[in-house]
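Those protein sequence lines, which keep their order, are chains R and H. Per this note's numbering, the first sequence starts with residue 1, numbered consecutively. Per this note's numbering, the second sequence starts with residue 1001, numbered consecutively. A short write-up of the structure that comes next.
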Amino acid sequence: MALTGLEIYKLLPKTNCKDCGFPTCLAFAMKLAAKQAELAACPDVSEDAKAALESAAAPPVRLITIGADEYKIEVGNETELYRHNKAFFHMPGLLVRVRDIQPLAEVEELVSQVDSYAVDYVGMVLNLDGIAVESASGDGAKFAEYVKVACANTKRPLLLMADDPEVMKAGLAEVEGSTPLIYAARADNWQAMAELAKEHSAPLAVYAEGLEPLVELVKEVKESGVEDIVLDPGTRDFHGSLNVLTEIRRLALEAKPDRLLGYPVVAFPGESTESLAEESMLAGQHIAKYAGFIVMDHFDPAVAYPLLALRQNIYTDPRQPVQVTPGIYEINEPGPNDQLMITTNFSITYFSVANEVEGTGMPAWLLIADSEGLSVLTGWAAGKFDADKIATTVKTSGIAEKVSHRKLTIPGAVSVLSGELEDELGGWEILVGPREAVDIPAFMKLWKE
Amino acid sequence: MRHHPLQYCGCVAIGDTEGDKTNLEGVAVMPVAVETPKKEWTGQVREVVLGATEAEGGTRSKTVTVGGESTLPFLDFEAPMPNPPRIAVEIQDRKPSDWSSVLLTVWGQVLDDPAAWAKAVEELDVDLLVLKINLTDADGNETTAEQARASVRKVLDATGLPLIVFGPGQTELDIDLLVAVAEEAAGERVVLGVCDDKNYKTIVAAALAHGHLVNGRTAMDVNLAKQLNILISDMGLPLDRVIMDPTTAALGYGVEYGYSAMERLRLAALQGDGMTQQPMLVTPGEEAWRMKEAKVGEDVPQAWGDWEERAITWETLTATTLIHSGADIVVLRHPESVRRVEDLISRLWNKGD
Ligand code: B12
Ligand code: SF4
């Protein structure tokens, strides 16, 4: 939480010695608050004040990075309880867990499936983020073998899970060129785990049941020199997770002097649930309510896709709808005799339509009006996709020079516009398409120039 | 086991509700206790009772109470939640012509008979039933008031569940049909929907005349929702007979707008804005099953996985998200989704002790 100029002023020496280059301590404080000066410019500032100012400047939830290169993921740095206040910024990492007691071949297969999973969603490719390897055997050599197999089959980040620091050490030795998340420091092993975290410059998850013991353990881990921490408060069920993760977020954002819980949380929705159906709903809760890493115990494309879509939705910036550039889009190399349809530039609308048209393999022109990122009906209701707007788009886009016919298909949802449009666009025939994009392929087959 | 409030070393609390009152001296001092910042909400969602038993002048076998929250969903470290969210299952007055074949297959025979369909819903052990009246009958003719009346009668006779009736969603026709429905179901405390800024005068008058409730729908906007509640209440319908429907969209198709509109409405209610304190109804079933991901099984990317599982997950995850942002009634379509969301609610409800 940023401090005001006045709050900063109270922490300065108040001698007005001018060494910082400003006429008074207050003037300097104002510049600091506006981030136009560096605290280091004042030679006399006390250590306590320095610490207080630094902690006030730190993000309320620390940014944690794992992995490397294009596969790295960043979580944390969140500043809000509710996305509508500004936005949620760093999507939680979605990982899938394997255990070193599963058949090795099965693990190998699963890791590569997770690694290569990719689904198209409104023009974006969505992926899962990584693999958690858990030592269930307690055997260091075995764990190392599984970590090695995981590394061989994915470049995505790893989360290594073991209770015994010796086992963890064996696993860590197999990870090269990518930063894993170490899970976990507990009351009985934290010193050794903290050493490993420092040695490998890797973030460390801290596990304790309940917030109170967690705060204490985090404090010790932090004092031992580990900066990058991830929290596991031990709650697993639907009700407890919602409450505890909310408390942690509130503590991070609102309990100002105490940043001890200002870290992302790792969640394991498979541990309290009995089926993939339940696990997916709990993972859904974690996406909306404050998890930083979500470790799933199942992988099924039918569930991965909706979860990834949900994550994308919750983390879109509510301040700006996702848009595409208005204009003429050529699909499947259309010629002058091919059909012409119009829709809005709201990304979800555009891609629902464009994907259907493309899927038919039939050539077509798609005219995209500038509805300022609104969907068909929303745009219509807001006057951003009405007869006027559509007519202007047709007239100014230059589409009349590209097609030789004069037939324009409008979305079924705005069929009422057809009369008005025929008046405004003299010489054009308005065809009413289906209401839902799913039905576009059948409709397109009826095309006669 | 969780302990609340969270305190250790037993002294000063460092969090405060405003979050900006912490004095600067406090910065340098080592924290000695931890207590989660609790909000001091001044408002509470109104409780609304759906349905009327014989004792109350109706024929329902039970009534269902929704609302009453004085904090965000399930945050009972802050305040208890008096009533869990409820599931309503949607049936229609005739076999739907645009439903996914996954739905048509699972409901099978009962689709042709609203009474049988209503009974099948009651067997799922849910709390509420939604009857949606179509624009046209099975022959393609515009549905008449008499037909709507007959459908409602059949459904009321077939089950004891409190009922919500939705018109086809076309202002003129909705008015005709819902007025007839209100008359037919007099005294049953049925929820009449969709009641919006165009038809509310007639729908509210019908609710007043025959002892019903209304479901006020607005387009994902706090002020519009509030405005409609004011209009409805100005006509003399007590606010404990008003449900609000802030509209939702499906997962992948704008669910985040609905999610945030609901969260904002609920926060406004808790902050004491009396005209936003209505329980919320949303229709994740209808929205999710309209989407390609739920409707189509062939010629879709391999990454979409098994059709039925994906479709059901689309519906359940949409519902899950909305339940976490304050939905009091979720209207669903697939029996398996009903089972899953019931399970979700009972787990959220279960305090684990
Ligand atoms: C999300 C949403 C919003 C979001 C905006 C999202 C956005 N970027 O557009 C917000 C919350 C901002 C919003 C605001 C408003 N909204 Co609004 N909103 C919705 C909602 C829930 C979903 C819309 C959506 O995104 N659908 C998904 C997209 C992909 O659908 P689509 O664009 O229609 O495209 C589909 C089809 O039309 C078809 N298609 C598209 N193009 C083409 C082209 C051709 C040729 C063919 C054949 C087919 C086709 O394919 C797509 C997939 O099937 C709908 C209700 C609902 N559940 O549908 C209301 C709705 C559209 N909104 C409505 C209204 C009234 C408004 C407001 C005016 C209210 C207000 N608050 O003042 C404002 C206007 C905006 C403004 N002034 O800025 C009304 C419109 C009523 C009407 N029939 O006129 C609706 C229907 C809600 C309702 N029942 O009252 N809204
Ligand atoms: S150098 Fe430090 S003490 Fe001197 S005027 Fe600047 S802020 Fe004040």
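No residue lacks a Cβ here, since even glycine has one placed at the ideal position from N, Cα and C. Treat the numbers as computed from the prediction; the structure is a model and nothing was measured.
State buried or exposed for residue i, treating a residue as buried only when at least 16 other CB atoms are found within 10 Å of its CB.
| i | result |
| --- | --- |
| Thr409(R) | buried |
| Asp69(R) | exposed |
| Ser1325(H) | buried |
| Ser1097(H) | exposed |
| Ala1088(H) | buried |
| Ser1061(H) | exposed |
| Asp317(R) | exposed |
| Ile8(R) | buried |
| Ala442(R) | exposed |
| Arg1094(H) | buried |
| Ala141(R) | exposed |
| Leu1124(H) | exposed |
| Cys17(R) | exposed |
| Glu1298(H) | exposed |
| Gly426(R) | exposed |
| Ile66(R) | buried |
I need the straight-line Cα distance from residue i to residue j, nearest angstrom please.
| i | j | result |
| --- | --- | --- |
| Pro180(R) | Lys148(R) | 13 Å |
| Leu1072(H) | Gly379(R) | 32 Å |
| Lys1292(H) | Lys389(R) | 28 Å |
| Ile64(R) | Gly76(R) | 6 Å |
| Pro1139(H) | Asp439(R) | According to the sequence shown, residue 1139(H) is Asp rather than Pro. Rounded to the nearest angstrom, the two C-alpha atoms are 22 Å apart. |
| Tyr1265(H) | Thr1276(H) | Here residue 1265(H) is Leu; the residue named in the question, Tyr, does not match the sequence. In a straight line, the C-alpha of Leu1265(H) is about 6 Å away from that of Thr1276(H). |
| Met341(R) | Lys384(R) | 17 Å |
| Ala364(R) | Arg435(R) | 18 Å |
| Met444(R) | Ala437(R) | 11 Å |
| Arg250(R) | Tyr263(R) | 12 Å |
| Asn313(R) | Gly1254(H) | 7 Å |
| Ala202(R) | Thr392(R) | 57 Å |
| Ala105(R) | Gln1302(H) | 23 Å |
| His1212(H) | Gly1057(H) | 12 Å |
Can you tell me whether DSSP reads residue i as helix, strand or coil?
| i | result |
| --- | --- |
| Arg954(H) | Look at the range of chain H in this structure, 1001 to 1353, and you will see that residue 954(H) is not part of it. |
| Glu1315(H) | helix |
| Arg186(R) | coil |
| Arg1086(H) | strand |
| Leu1192(H) | strand |
| Met444(R) | helix |
| Asp1299(H) | coil |
| Ala132(R) | strand |
| Leu12(R) | coil |
| Phe1166(H) | strand |
| Val438(R) | helix |
| Glu1142(H) | strand |
| Ser1099(H) | Correcting the residue type first, residue 1099(H) is Trp in the shown sequence and not Ser. Trp1099(H) falls in the coil class under three-state DSSP. |
| Ala194(R) | helix |
| Asp1255(H) | Correcting the residue identity first, residue 1255(H) is Val in this sequence and not Asp. DSSP places Val1255(H) in helix when its eight states are reduced to three. |
What residues of chain C sit near residue i, judged by a beta carbon separation below 7 Å?
| i | result |
| --- | --- |
| Trp1314(H) | Any reference to chain C falls outside this structure, whose protein chains are R and H. |
Quick one, are the C-beta atoms of residue i and residue j less than 8 Å apart?
| i | j | result |
| --- | --- | --- |
| Pro60(R) | Thr79(R) | yes |
| Ala1209(H) | Leu1178(H) | no |
| Val488(R) | Val324(R) | Given that chain R is displayed from residue 1 to residue 449, the structure contains no residue 488(R) and the question cannot be resolved. |
| Ile331(R) | Ala354(R) | yes |
| Phe299(R) | Leu12(R) | no |
| Val322(R) | Leu260(R) | no |
| Met1220(H) | Tyr1257(H) | yes |
| Glu1308(H) | Gly1285(H) | no |
| Gly1328(H) | Gly1067(H) | First, the residue type needs correcting, since residue 1328(H) is Asp and not Gly in the sequence shown. Yes. Within cutoff. |
| Leu1192(H) | Val1222(H) | no |
| Val295(R) | Ser280(R) | no |
| Arg1290(H) | Leu1103(H) | no |
| Leu245(R) | Lys198(R) | no |
| Ala184(R) | Asp232(R) | yes |
| Ser347(R) | Gly123(R) | yes |
If contacts are defined as beta-carbon pairs under 8 Å, then residue i and residue j qualify, I think. What distance do you get, rounded to the angstrom?
| i | j | result |
| --- | --- | --- |
| Leu1251(H) | Ala1311(H) | Leu1251(H) to Ala1311(H), Cβ: 11 Å. No contact. |
| Ile1355(H) | Pro1085(H) | Lying before the first or after the last residue shown, residue 1355(H) is absent from chain H, which here runs from 1001 to 1353. |
| Ala1185(H) | Leu1228(H) | With 8 Å as the limit, Ala1185(H) and Leu1228(H) do not qualify as a contact, their Cβ atoms being about 23 Å apart. |
| Asn1350(H) | His239(R) | 6 Å |
| Arg236(R) | Glu209(R) | Between Glu209(R) and Arg236(R) the Cβ distance is about 10 Å, and since that is not below 8 Å, they are no contact. |
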